[in-house]
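**Q** If you're matching them up, the sequences are chains H and E in order.
Residue numbering for the first sequence follows numbering that gives the first Met the number 0, starting at 0 and increasing by one per position.
Residue numbering for the second sequence follows numbering that gives the first Met the number 0, starting at 0 and increasing by one per position.
We put the beta carbon where it would ideally sit given N, CA and C, even for glycine.
Keep in mind that this is a model prediction, so the values were computed, not measured.
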Amino acid sequence: MLALDRVSKTYPNGVQALARFSAEIRQGEILAIIGGSGCGKSTLLRAIAGLDRASSGTVTLDREAIASPHAKIGIIFQEPRLLPWLSVADNIGFGLADLPATERREKVARALERVGLADKAQAWPRELSGGQAQRVAIARALVPQPEVLLLDEPFSALDAFTRRDLQDHLLDLWADTRPTLILVTHDVDEAVVLADRVLVMRPWPGRLFDQIEINLGRPRDRNSPLFENFKRSVLTSLDRSLDRNVPDRDATQGPGQAMWW
Amino acid sequence: MISDAPVLQQTSEPGDSTIAPSRLSRYARPLLGVLLPLILALGWELVVWSGWSNGRLVPPPLRVFATIAELARSGELIRHIAATLWRVGLGFAFGVVAGTLLGAISGYWSLARRLLDPTVQALRAIPSLAWVPLFILWLGIFETSKIALIAVGVFFPVYLGVMGAILIVDRKIVEVGRTFRLSGPAMIRRILLPAVLPAYVVSLRVGLGLGWMFVVAAELIGASEGLGYLLLDGQQLGKPAQILAAIVIFAILGKLTDWLIEVAAAPFLRWQDAFGRAKEI
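Given below as structure tokens:
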């Protein structure tokens, strides 16, 4: 279980990006974090990844405090961030340097197969389309079999068609080993199609505003009325989070409880 | 159902979009390049041959080649080439090692950069030939001062190239290394070195070019052998063909050594190869 306990982050310039953010995320859960710009959602993700330290509060994975990048936590960024001097196969195997070569090659081959890029194994990253490159990034993050996979607006730079394709593909890959997914997004549709639970954050300073359980089976039909209902409730909550007249929830209320209204 | 999705196409793969150069431009372009010098050379050869000019100050190409052949036959040429190559090689090696080390330190460590870089930049502002009298006083008029001068010429572009390349390594890619928990040495070997390599090769080539420039200066100042000596000797004895012969050999050696760096680096830069080729078109 991943536990965030009163995580706060104040940047050296005095801007408070995150204020006392607490949440508990079950192993295997898919959590979407959504909110307006400046709500600290990327800051939060970077704190979980161990890339930036929180100013106060703790992030723990199975009771182990996270202060620097951890072997059980993988991350996928908005851009694929492939290493241009490595072939697609070597990019995917980048995190497996400690394994013997044969085992590494096997895992990479399986991952390539799994993301449908077996024919691109020896291609250079610059030869890939945006969607293909992001698939490689997903494979690279998943191949060391992390327990937690963080995704920072992973599909926002892609066109709508490719985005849907990759969302479905991500769920498919997730089903293999069922890691915990924490997805930061500003796309309501994406949050509802992927997540078990959506956390809504509000800005200045970034803090938790609301959470919505998405009680829908998978695969989800993007056109069903139920799906539309969930989308609407997330949108409503998002709108309210940006309305300064709406007060925060009672701070003593822990996560996982009912909506405050 | 995707009927309600916007009809967007995935961007086409850049690899496919590079247009193959047409047959004409592919073969004609290099030929066009040599056309002008070839016509000029032939024309001058004809002018001298037909007696319109005696070609004493500007010897025709054949006479230059004859001079080269004669120097080669007597074994002189090899001796001069070896002397010059030795100086360039040694000076280049020292310059590259110093430039790489200091450049890497300055690029990697901001404290070292603040300490070191202003001094290096100030030294860089000095025209390198201004060092000559000092080097001769300090190191004598023989090989050491020459090699030091060449090393100074090579040092600055390499230093700047390495430091600049490290400074502009993409922070986002370094972060990928961090998420995979690379140790310091692994980060250097697996992220920084490959990222810096293209710019490093360019700085080596620039450094080598300056090395060739400074070897001429060093040899003009005082040498008993070397291609620069051939130049000086040709001037003092009024042998323009010998001067031109030395110049031609400088051109060939310069191009050849530059090509050697390019070829040696090519396997490591294959990943950006097609980009360079696409730009050429």
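How about F93 of chain H: is its C-beta nearer than 8 Å to some C-beta of chain E?
**A** For F93 of chain H, the answer is yes, since a Cβ of chain E falls inside 8 Å of its Cβ.
**Q** Kindly list the residues whose CB is nearer than 6 Å to the CB of A88 of chain H, restricted to its own chain and excluding five residues on each side of it in sequence; keep chain order.
**A** Closer than 6 Å at Cβ, skipping near neighbours: V107 and A120.
**Q** In the DSSP output, what is I29 of chain H paired with across the bridge?
**A** In DSSP, I29 of chain H forms a bridge with H:L180.
**Q** Run through DSSP, which three-state label would L268 of chain E get?
**A** Correct three-state label for L268 of chain E: coil.
**Q** Report the partner residues of R196 of chain H according to the DSSP bridge assignment.
**A** R196 of chain H is bridged to H:L30 and H:E212.
**Q** Counting only beta-carbon atoms, is A66 of chain H nearer than 8 Å to chain E?
**A** Taking Cβ atoms only, chain E never reaches closer than 8 Å to A66 of chain H, which makes this a no.
**Q** Using a cut-off of 9 Å between C-beta atoms, extract the partners of E63 of chain H located in chain E.
**A** Within chain E, no residue comes near E63 of chain H; the closest Cβ sits about 14 Å away, beyond 9 Å.
**Q** Short of 6 Å in beta carbon distance, which residues of its chain neighbour F76 of chain H, apart from the five on each side in sequence? Order them along the chain.
**A** Once the five neighbours on either side are set aside, the close Cβ partners of F76 of chain H are D151.
**Q** In whole angstroms, give me the CA-to-CA distance for L259 of chain E and L203 of chain E.
**A** Roughly 11 Å between the two C-alpha positions.
**Q** Just the chain E side, please: which residues come within less than 8 Å of P83 of chain H by C-beta, in chain order?
**A** Result: W270 and Q271.
**Q** Less than 8 Å between the CB atoms is what I'm expecting for V142 of chain H and I74 of chain H, so what's the real figure, rounded?
**A** Actually they do not touch by this definition, with Cβ atoms about 13 Å apart.
**Q** Pull out every residue of the segment 158-181 of chain E whose Cβ sits closer than 7 Å to any Cβ of chain H, in chain order.
**A** Taking 7 Å as the Cβ-Cβ cut-off against chain H, the residues of the segment 158-181 of chain E that qualify are K171, I172, E174, V175, R177, T178, F179 and R180.
**Q** As an exercise, report each continuous alpha helix (DSSP H) stretch of at least 4 residues that is fully enclosed by the segment 162-201 of chain E, in chain order.
**A** Correct list: 170-178 and 183-186.
**Q** Quick one: list the residues of chain E neighbouring W123 of chain H, beta-carbon separation under 7 Å, in chain order.
**A** Within 7 Å Cβ-Cβ: W270.
**Q** DSSP on G98 of chain E, reduced to helix/strand/coil?
**A** The answer is helix: DSSP assigns G98 of chain E an H, G or I state.
**Q** Of all the CB atoms in chain H, is at least one closer than 8 Å to the CB of P193 of chain E?
**A** Taking Cβ atoms only, chain H reaches closer than 8 Å to P193 of chain E, which makes this a yes.
**Q** Give a yes or no on whether the minimum CB-CB distance between I74 of chain H and chain E is below 8 Å.
**A** Closer than 8 Å: yes.
**Q** Given A97 of chain E, which residues of its chain have a CB within under 6 Å of its CB, disregarding the five upstream and five downstream residues?
**A** Answer for A97 of chain E: F154, listed in chain order.
**Q** Express the C-alpha separation of L207 of chain H and A18 of chain H in angstroms, rounding to a whole number.
**A** Spanning the two alpha carbons is a distance of roughly 8 Å.
**Q** Is the number of C-beta pairs between the segment 57-66 of chain H and the segment 141-155 of chain E that are closer than 8 Å three or more?
**A** The segment 57-66 of chain H, when compared against the segment 141-155 of chain E, does not touch it at the 8 Å Cβ threshold.
**Q** Indicate the three-state DSSP secondary structure (helix, strand or coil) for A53 of chain H in the structure shown.
**A** A53 of chain H: coil per DSSP, three-state reduction.
**Q** Identify, in the order they occur along the chain, each residue of the same chain with its Cβ nearer than 8 Å to the Cβ of F53 of chain E, setting aside the five sequence neighbours on each side.
**A** Just to set this straight, residue 53 of chain E is Asn in the shown sequence, not Phe. Contacts found: V47.
**Q** Could you give the residue range of the alpha helix (DSSP H) that holds E102 of chain H?
**A** Unbroken alpha helix (DSSP H) run through E102 of chain H: A100 to R113.
**Q** Could you compute how far the alpha carbon of R231 of chain H sits from the alpha carbon of A100 of chain H?
**A** Rounded to whole angstroms, R231 of chain H to A100 of chain H spans 50 Å at the Cα level.
**Q** Is DSSP giving Q121 of chain H helix, strand or coil here?
**A** Q121 of chain H: coil per DSSP, three-state reduction.
**Q** Roughly how many angstroms lie between the CA atoms of R125 of chain H and R80 of chain H, to the nearest whole one?
**A** R125 of chain H and R80 of chain H: Cα-Cα distance of roughly 11 Å.
**Q** Using a Cβ cut-off of 9 Å, pull out every chain E residue sitting near L50 of chain H, in sequence order please.
**A** Under the 9 Å cutoff, chain E gives E174, R177 and T178.
**Q** Using DSSP's beta-bridge definition, name the partner residues of L148 of chain H.
**A** Note: L148 of chain H sits in a beta bridge opposite H:G73 and H:L180.
**Q** Output, in chain order, the set of chain E residues within a Cβ distance shorter than 8 Å of E189 of chain H.
**A** Those do not exist, as E189 of chain H stays about 13 Å from chain E at its closest Cβ, beyond 8 Å.
**Q** Name, in chain order, the residues that DSSP records as bridge partners for R337 of chain H.
**A** Nothing in the structure corresponds to residue 337 of chain H, since chain H is present only between 0 and 260.
**Q** Just list the alpha helix (DSSP H) runs in the segment 73-139 of chain E, keeping only unbroken ones of 4 residues or longer that don't cross its boundaries, in chain order.
**A** As far as the segment 73-139 of chain E is concerned, its whole alpha helix (DSSP H) runs of at least 4 residues are 75-107, 109-123 and 131-138.
**Q** Do you know how far the Cα of W84 of chain H is from the Cα of F267 of chain E?
**A** Their backbone Cα atoms lie some 8 Å apart in a straight line.
**Q** Give a yes or no on whether the C-beta atoms belonging to E218 of chain E and T66 of chain E are separated by under 8 Å.
**A** Not a contact, by the Cβ cut-off of 8 Å.
**Q** DSSP puts A2 of chain H in a beta bridge; with which residues?
**A** According to DSSP, A2 of chain H bridges with H:E23 and H:T59.
**Q** Less than 8 Å between the beta carbons of V6 of chain H and A53 of chain H, yes or no?
**A** In contact: V6 of chain H and A53 of chain H (Cβ atoms closer than 8 Å).
**Q** Contact check, G37 of chain H vs T179 of chain H under 8 Å by CB: the rounded distance?
**A** About 26 Å separates the two Cβ atoms, so there is no contact after all.
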